[in-house]
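Engineer: In mature numbering (1 follows the signal peptide of the UniProt record, and there is no 0), the protein residues as written are -19 to -1, 1 to 357. All C-beta atoms in this analysis are idealised placements derived from N, C-alpha and C, irrespective of residue type, glycine included. Right, I'll just put the structure down here and ask away after.
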């Protein structure tokens, strides 16, 4: 397990080569906000009400709302920004995407502010003889020291734009170094931006218990480091089935349920079994904090994106931005139909993950997994 965790951490710290395609439209032009009412699952009624009550018409507000999009390389951050900006425009919001990745020189979306106008990773590497990771840390230091430049570029957008910040994927920037945190803190404290962190994790990590545990630790570390309202997202859920079978139902992974079962699944591997004590301690660490959970995302599915928007709107306070101290309006929002995650996750599993009866027979479900040997 330790080997799996370390190998994942090392692979996450290296930038994957990403081949960007020209800007493409994710949602069809005939999609209208009213179409949210026709989704038909138990979760869609509340979802539709959220949008009809708050977000169809462009609004002006005194506060700046937005998302900080983070996650390991290859988790789909840039694609997320492209799809999310398109969706938000369709439902009536003015959206600006800000690229804060000095290594991302091929963008599929229209960029309102591009940090490469200030500094480029390629130039830093050639001028200072640095590697990709060291060069990126240098770039983030430089951005932190030149926040006045960034502020001047963002000021024209502050009146009526919802802002998406596309950050680099190097995980050490959000777990070890303080550069990214200091930039975000400047935005939330001195600039009074209302931001929520959207942390993307590739859903296929759920197929390997060691990698899934590493993803839990990464998510927890990032949450504690950034100190922002935070949503963890299993991205690319639509291709999860192609990576193999899940040992448990999907809601085991999204709700981060009793990780004792995950330990037993890891210990079935003789190589991982010798790290049983370490695995147990890491699982207990995640459970003791009780902070990490996931929602799922297929960026090409309107309902899936709408669910993310609804969650983020509650996190950053956008859903309350049109309420001017009226306690009755706050109570109406609190009393709205509940959107039960159980039913939504069940619908996602039925749509994207192949049902396999032998999976439950051989490995058990999350409610009662069967294992060979004794626990502990």
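(1) CA-CA distance, residue 221 and residue 98?
(2) Could you give the distance in angstroms between the alpha-carbon of residue 179 and the alpha-carbon of residue 213?
(3) Going by the DSSP bridge assignment, what does residue 147 pair with across the sheet?
(4) Taking Cβ positions, are residue 94 and residue 114 nearer each other than 9 Å?
(5) Are residue 372 and residue 330 closer than 9 Å when you measure CB to CB?
(6) To the nearest angstrom, how far is the alpha carbon of residue 112 from that of residue 199?
(7) Based on the DSSP secondary-structure assignment, which residues constitute the bridge partners of residue 174?
(8) Mapping the DSSP letters down to three states, classify residue 229 as helix, strand or coil.
(9) In whole angstroms, what separates the C-alpha of residue 326 from that of residue 107?
(10) In whole angstroms, give me the CA-to-CA distance for residue 269 and residue 133.
(11) Across the segment 43 to 52 and the segment 285 to 302, are there enough close Cβ pairs to call them in contact, namely three or more that are closer than 8 Å?
(12) Check for me: the alpha helix (DSSP H) holding residue 263 runs from which residue to which?
(13) Can you look up residue 142 in the DSSP assignment and give me helix, strand or coil?
(14) Within 10 Å of its beta-carbon, does residue 56 have 16 or more other beta-carbons around it, so buried, or fewer, so exposed?
(15) Could you please give me the residues that DSSP links to residue 183 through a beta bridge?
(16) Can you tell me where the beta strand (DSSP E) with residue 276 in it begins and where it stops?
(17) Return the first residue and the last residue of the beta strand (DSSP E) that residue 161 is part of.
(18) State the Cα-Cα distance for the pair residue 149 and residue 236, rounded to the nearest angstrom.
(19) Going by Cα to Cα distance, which pick from 188, 143, 119, 52 is closest to residue 102?
(20) Under a three-way DSSP split, which group does residue 300 fall into?
(21) Within the chosen definition, does the segment 182 to 195 reach the segment 153 to 173 through at least 3 CB pairs nearer than 8 Å?
(22) Count the CB pairs spanning the segment 194 to 208 and the segment 266 to 286 that are closer than 8 Å, and state whether there are at least three.
(23) Taking all protein chains shown into account, do 16 or more other C-beta atoms lie within 10 angstroms of the C-beta of residue 265, making it buried, or fewer, making it exposed?
(24) Give the straight-line distance between the Cα atoms of residue 25 and residue 284, rounded to the nearest whole angstrom.
(25) In chain order, what residues of the same chain lie with their CB nearer than 8 Å to the CB of residue 282, ignoring the 5 residues before and after it?
(26) On a Cα-Cα basis, can you pick out the residue from 332, 240, 210, 192 that is closest to residue 176?
(27) For residue 53 and residue 182, what's the separation of their Cα atoms in angstroms?
(28) Mind checking residue 170: buried by the 16 CB within 10 Å criterion, or exposed?
(29) Over what stretch of residues does the alpha helix (DSSP H) that includes residue 94 continue unbroken?
(30) For residue 358, which residues of its own chain have a beta-carbon under 6 Å away from its beta-carbon, when the five flanking residues on both sides are left out?
(31) For residue 211, which beta-bridge partners are listed by DSSP?
(32) Indicate the three-state DSSP secondary structure (helix, strand or coil) for residue 58 in the structure shown.
(33) If you follow the alpha helix (DSSP H) that residue 105 is part of, which residue opens it and which one closes it?
(34) Expressed to the nearest angstrom, what Euclidean distance is found between the alpha-carbon atoms of residue 27 and residue 290?
(35) From the DSSP output, in three-state form, read off residue 358 for me.
(36) Whole angstroms is fine: what's the gap from residue 62's alpha carbon to residue 92's?
Structural biologist: Short version:
(1) The sequence position of residue 221 within the chain shown is 240, counting from 1. The sequence position of residue 98 within the chain shown is 117, counting from 1. Each residue's Cα considered, the two are about 37 Å apart.
(2) In the chain shown, counting from the first residue as 1, residue 179 sits at position 198. In the chain shown, counting from the first residue as 1, residue 213 sits at position 232. Rounded to the nearest angstrom, the two C-alpha atoms are 6 Å apart.
(3) Start at 1 with the first residue of the chain shown, and residue 147 comes out as number 166. DSSP output for residue 147 lists 50, 80 as bridge partner(s).
(4) Here residue 94 is taken as the residue at index 113 of the chain shown, counted from 1. Here residue 114 is taken as the residue at index 133 of the chain shown, counted from 1. Cβ atoms of residue 94 and residue 114: not closer than 9 Å.
(5) Given a span of -19 to 357 for the chain in the structure shown, any question on residue 372 remains unanswerable.
(6) Along the chain shown, read from residue 1 onward, the residue named residue 112 stands at position 131. Along the chain shown, read from residue 1 onward, the residue named residue 199 stands at position 218. Approximately 23 Å between the Cα atoms of the pair.
(7) Residue numbering aside, residue 174 sits at position 193 when the chain shown is read from its first letter. BP columns for residue 174 point to 45.
(8) In the chain shown, residue 229 corresponds to position 248, counting from 1. Looking at residue 229 - three-state DSSP - the assignment turns out to be coil, as it is neither helix nor strand.
(9) Your numbering for residue 326 matches position 345 in the chain shown. Your numbering for residue 107 matches position 126 in the chain shown. Approximately 47 Å between the Cα atoms of the pair.
(10) Taking the chain shown and counting its residues from 1, one reaches residue 269 at position 288. Taking the chain shown and counting its residues from 1, one reaches residue 133 at position 152. Roughly 43 Å between the two C-alpha positions.
(11) yes
(12) The residue given as residue 263 occupies position 282 in the chain shown. 257 to 270 is the span of the alpha helix (DSSP H), which, as asked, contains residue 263.
(13) By one-based count along the chain shown, residue 142 stands at place 161. Residue 142 falls in the coil class under three-state DSSP.
(14) Here residue 56 refers to the residue found at position 75 of the chain shown. Flag for residue 56 reads buried.
(15) Counted from its first residue, the chain shown places residue 183 at position 202. Answer is 216, bridged to residue 183.
(16) Reading the chain shown from its first residue, position 295 is the one you call residue 276. From DSSP, the beta strand (DSSP E) with residue 276 extends over 275 to 277.
(17) Counting from 1 along the chain shown, the entry for residue 161 is found at position 180. Careful: residue 161 lies outside any beta strand (DSSP E), inside the alpha helix (DSSP H) at 160 to 166.
(18) Within the chain shown, numbered from 1, the residue matching residue 149 stands at position 168. Within the chain shown, numbered from 1, the residue matching residue 236 stands at position 255. Cα-Cα distance, rounded: 27 Å.
(19) On the chain shown, position 121 is the one that residue 102 refers to. Nearest of 188, 143, 119, 52 to residue 102, Cα basis: 119.
(20) In the chain shown, residue 300 corresponds to position 319, counting from 1. Here residue 300 sits in helix by DSSP.
(21) no
(22) yes
(23) Looking up residue 265 in the chain shown gives position 284. Its Cβ having fewer than 16 others within 10 Å, residue 265 is exposed.
(24) Sequence index remark: in the chain shown, residue 25 carries index 44 (1-based). Sequence index remark: in the chain shown, residue 284 carries index 303 (1-based). Because the pLDDT of residue 25 is 43, which lies under 50, any placement of that residue in the model is unreliable, and the number read from its coordinates should be weighed accordingly. Roughly 8 Å separates the two Cα atoms.
(25) Here residue 282 is taken as the residue at index 301 of the chain shown, counted from 1. Excluding sequence neighbours, residue 282 sits near 219.
(26) In the chain shown, counting from the first residue as 1, residue 176 sits at position 195. Closest by alpha carbon: 210.
(27) Working through the chain shown from its first residue, we reach residue 53 at position 72. Working through the chain shown from its first residue, we reach residue 182 at position 201. About 7 Å.
(28) Counting from 1 along the chain shown, the entry for residue 170 is found at position 189. Answer is exposed; the Cβ neighbour count stays below 16.
(29) On the chain shown, position 113 is the one that residue 94 refers to. Here residue 94 belongs to no alpha helix (DSSP H); instead the beta strand (DSSP E) covers 92 to 95.
(30) A question about residue 358 goes unanswered here, because the residues of the chain that appear run from -19 up to 357.
(31) Reading the chain shown from its first residue, position 230 is the one you call residue 211. 178, per the DSSP bridge assignment.
(32) Here residue 58 refers to the residue found at position 77 when the chain shown is read from its first residue. Correct three-state label for residue 58: helix.
(33) Position 124 of the chain shown, counting from 1, holds the residue named residue 105. Taken as a continuous stretch (DSSP letters only), the alpha helix (DSSP H) holding residue 105 covers 102 to 109.
(34) In the chain shown, the residue the question calls residue 27 occupies position 46. In the chain shown, the residue the question calls residue 290 occupies position 309. For residue 27, the predicted structure reports a pLDDT of 45, less than 50, and the residue's modelled location is therefore unreliable. The matter cannot be settled from this model.
(35) Coverage of the chain is limited to positions -19 through 357, which leaves residue 358 absent and any answer about it impossible.
(36) Counting from 1 along the chain shown, the entry for residue 62 is found at position 81. Counting from 1 along the chain shown, the entry for residue 92 is found at position 111. Roughly 10 Å between the two C-alpha positions.
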